[in-house]
Structure formats: structure tokens, C-alpha cells
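Worksheet for the structure shown next.
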Amino acid sequence: MPLLSKDKTILIITYYWPPSGGAGVQRWLKLTNYLCDMGYAIHVIAPDPEYASYAVIDESLALEVHPNVKVHLTKSFEPLNLYQKLIGKKNMPTAGLGGIDHKNPFQKAVVFLRSNLFIPDPRKYWNKYAIKKAQQLIREKGIKTVITSSPPHSTQLIGYELKKMFDLRWIVDFRDMWTDIYYYKLLNNSKLSHKINLRYERKIIETADHIVTASPVYIPFFKSKSPTVSNDKFTSIPNGYDPKDFERFDYQLKTDFVITYTGTISDQYNITPFLDALQMFKINHPEASFKLQFVGSTYPELAEEISVRELTNHTAYSAYVPHHESISFLETSYLLLVCGPLNSSGQEGGIPAKVYEYMASGRPIVYIGKEDGFVADMLRETQTGISQKQDHKKVYKYLYKHYEQWQKGIIHNAPNDKIIKYSRPAQAAEYSNLL
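Just so we're aligned: the sequence shown equals residues -13 to 421 in our numbering.
Structure, rendered in C-alpha cells:
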């Protein structure tokens, strides 16, 4: 039996869908648009936002949904919503599971509940509603292809149940790793909960018809859960940038020497070498005019780390903004910052989604992470930036070089042809080949 039939009707099951904001929603919002343009009939099942527990909302993304995508919203039961009502939103984690404030007892309780009572995660109570809707659509539309995207990894259990019920082709789409994710050890799973997570992970890998990962480095980690599974069962299709987001992008710089970090940053990310480099830059060039700006959620101690280096007056913070506004922050920047995780294990293969949009902006990129990791290789291949994990002096030299270029009016203002393969249309074409 071939992996997929010639039928171009596809059911996609994803927890994150507009108006959810954040990086998780982008992959399938963008891919469905381009797959529709290729003639695919797309059905999407997602939780109704009235019931979902979305950390951030971006209403503007709803305008990007392709008119031919049929979206089916369902009810959901969300324990985290109930917990938030009890303790207040300010006591809920705002920077992802890797950004827990361990001094906050309410947030520590969230971690315990998430890890040991709600296995594999608290969103699993959406599954029964999604399965019911999927059964209806599969029968009514004769759907033969189902794609489940995670995290949350409980979504993969929906595909597992549907595979047992119907003669269909099931593709698992992993945007992140599961038990090998960089913050997994911080979740304090009991031996029992860890064992259950591993069992879920293994049976999904063994049962799926095909597995797609957002990074090739994920593949050996997933394959290790079931060594008998063939390598042919895995394909890597990365995240990317959407050229449509940059159609009105002004590549001519119109601002001061600004360094920008977009998206969530937690205390599990390696920003220290960059802050040390920026401190050195300030000491060596006290007359320099520069600004470091963060656009998105930050961890509580970041402001203090910046303060002790006397960089507070050079730092600006912005809360989460709609996606199109985050692109505008890239316009007014000269350098772009991205940080890898401190406890990487295999996560050096995890590529922050922002990197692709950074590359599309044409601005130079500073990556604080492993110099021989996947992100570093990509930046070298595309000649879009540098990577440095620990040596802040090398980062300082890069900063100063570009500060001098900024003073001379030299503008880095266009992406190069080497990044085209990381565009959403290119990735949709890869998925189409798989389909």
C-alpha cells in the first residue's frame, strides 16, 4: 500500500490555529495556504478558541487562513483554564515550560500537574472532541490522509486512535522533540509518568505511516525509541519564512544601531555571552548609541542580568505583538539576536522558527549556540550570520564590526538566493511530494 493515495483531500489535526499566536501556529497556517494553491482540499480540526488554553492571541492571523481551507472547531476541556481562574493569569507561566519562575509556588504547581497528572500534557482532554469530529469528516468526505501536528504531543494520540478505527494513511508531524526536548528534565516527571511518555512516543512512532520532523537532527532521537523502525519512515521538512510576509518589507534601514530579539526568551536560553559582549562594547565605546530590544515574553531575572552590566538605559522591552508587527521590528534593526538552549542535549538540531524570518530580512544574525550545530551550519551555508556559544570576545568583535558599518551607512538590506529553499512554498512542495 503506498504511503498516500492520489486523493488530494487531507485532514490536518492541530491544537494551535488562529487566533492562537506564537510560533507553533505558523507552520500549518502557512503550509495549508500553499497546499491549497497546489490543488489540495484541506480540512483542519482545531479547538474553539473559546475553550482552548492559548498563551497568546493574534487575531490578525485569522485573516491569513486560505479561503478554501475548511476549518472545524470543536469544544475542549482545559484544566489549565480552570487553574488560571483560581490563581490569576500573572501566576501562570508566560515564557513556555522552559521559562518557569521556580520561586513562584503556583508555577511550580503547574509543572507538577502537567508532568504527573496530565500525561502526556493537559491538552489531552481535547482529544475526545477532535476524534469525534474527525470520525464524522472521514466518513462524510472519504478522507484517506490524516496529518497530526505537535506539540502538544497529546495530539498524536488522536491520530493513533483514528489509525486503529479507519483504513487511512497517518502522517505524524513533529515540530519539536518529545522526551528529548531541552526542558524535559525540568518537568520533574515521576518514573511512572516518564515511562508512560516513552510508551506513548514509541507506539506513535511504530504505528504512523510516516513521520515528518522540523529538523533532521530530531530523527535519530525519535528512531532510538524504536530501533527496528526503518529510516525510510522519516522525512525532515523544516520550518521557514513566508515570502508574502516580506512583500512590503522596507530593506532600507531608517533607524539607529538596534539589536533585536523577537519571541519568547526563558532562563533556559544561553544569552549570557551576548550580554557580556554588549557590556564590553559599552565599556570600550562609551560614546556609542545603540539599543537592545526584546519583543515578546522574557524571564523575570533578565532585567537584573542587564542591570548589573549597566545596560538598562540601552534596553527596551515590548510585550507580544501580532506577527506582522514583529516583522516590522526586523525592518528597523541592524542586527538580529537568537539564542540556543543551555541544556541542549540533542536540541542543537532544534531551529528557532525566528531564524528563517531573520534570514529573509537580510539583517546579520548573531546566534548564541553551538558552533558546529545545525543552526550554525545553516547560517554558514547561507552566509547570514555567525554562531558562538561561549566566547563573548568574538561576539564583541562581530558587534563592533557591524557598528562601524552602520556608522559608515553600509546597509545589509537583501536576502540571498541561498535561503529560497527555506521558504514556505518550497516546504509545501516537499510535503506535496510526500503526499
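By construction, the Cβ of each residue, glycine as well, lies at the ideal position given by its N, Cα and C atoms.
In the DSSP secondary-structure assignment, Ile223 is not bridged to any residue. Taking C-beta atoms as the reference points, Ile313 and Asp262 fail to come closer than 8 Å. Beta-bridge pairing by DSSP links Ala32 to Leu59. Of the candidates Thr0, Ser46, Tyr37, Ser46 places its Cα closest to the Cα of Tyr306. Look at the beta carbons and you see the region 242 to 252 touching the region 278 to 298: at least three pairs across the two are nearer than 8 Å. When secondary structure is reduced to three states using DSSP, Ser304 falls in the strand class. Bridge pairing for Asp159: Ser135, Val198 [DSSP]. By DSSP's assignment, Ser409 forms a beta bridge with Tyr227.
Distance from the CA of Asn402 to the CA of Ser373, rounded to the nearest whole angstrom, comes to 19 Å. Counting only runs of 4+ residues, the alpha helix (DSSP H) found wholly inside the region 275 to 301 occupies 288 to 293, in chain order. Boundaries of the alpha helix (DSSP H) around Leu148: 141 to 151.
The straight-line gap separating the alpha-carbon atoms of Asp162 and Pro224 is approximately 11 Å.
DSSP places Pro106 outside both helix and strand once states are collapsed to three, so it counts as coil. The C-alpha of Gln265 lies about 10 Å from the C-alpha of His271.
Gln376 and Tyr382 have their C-alpha atoms spaced approximately 12 Å apart.
Per DSSP, reduced to three states, the secondary structure at Ala48 is helical. Counting only residues of its own chain and dropping the five nearest sequence neighbours on each side, Ser6 has a CB closer than 6 Å to the CB of Tyr40. Comparing C-alpha distances from Gln238 to each of Met24, Ile396, Trp164, Val341 shows the shortest one belongs to Ile396. If you compare the alpha carbons of Ile182, Thr301, Ile(-4), Leu68 with that of Lys127, the shortest gap goes to Ile(-4). Less than 8 Å separates the beta-carbon of Ser319 from that of Thr246.
Nearest Cα to Val57 within the set Lys71, Ile28, Ile43: Ile28.
Per DSSP, Tyr344 is not a residue of any beta strand (DSSP E); the alpha helix (DSSP H) it occupies stretches across 340 to 347. Rounded to whole angstroms, the separation of the alpha carbons of Tyr115 and Pro35 is 14 Å.
Around Leu184, the same chain offers Thr165, Lys211 as residues with beta carbons nearer than 8 Å, after the five sequence neighbours per side are excluded. Taking C-alpha positions only, Thr131 is separated from Val96 by approximately 36 Å. DSSP places Val352 inside the beta strand (DSSP E), whose first and last residues are 351 to 354. Within its own chain, the residues whose Cβ lies closer than 6 Å to the Cβ of Glu343, once the five positions on either side in sequence are excluded, are Tyr227, listed in chain order. Excluding residues up to 5 positions away in sequence, Lys404 lie with their Cβ nearer than 7 Å to the Cβ of Glu367 in the same chain.
The three-state reading of DSSP puts Ala9 in helix, counting H, G and I together. Straight-line spacing of the CA atoms in Glu291 and Phe260 works out to 11 Å. Only buried fits Thr370, as 16 or more other CB atoms lie within 10 angstroms of its CB.
Of the candidates Phe207, Thr241, Tyr69, Phe207 places its Cα closest to the Cα of Arg188.
If the five residues before and after Ser275 are omitted, its C-beta is found closer than 8 Å to the C-beta atoms of Asp242, Phe243, all from its own chain and listed in chain order. The beta carbon of His388 lies closer than 7 Å to those of Tyr320, Leu321, Pro350 in the same chain, with the five residues before and after it left out. Counting along the chain, the unbroken alpha helix (DSSP H) around Phe315 starts and ends at 309 to 317. Counting only residues of its own chain and dropping the five nearest sequence neighbours on each side, Lys379 has a CB closer than 8 Å to the CB of Ala263, Met266.
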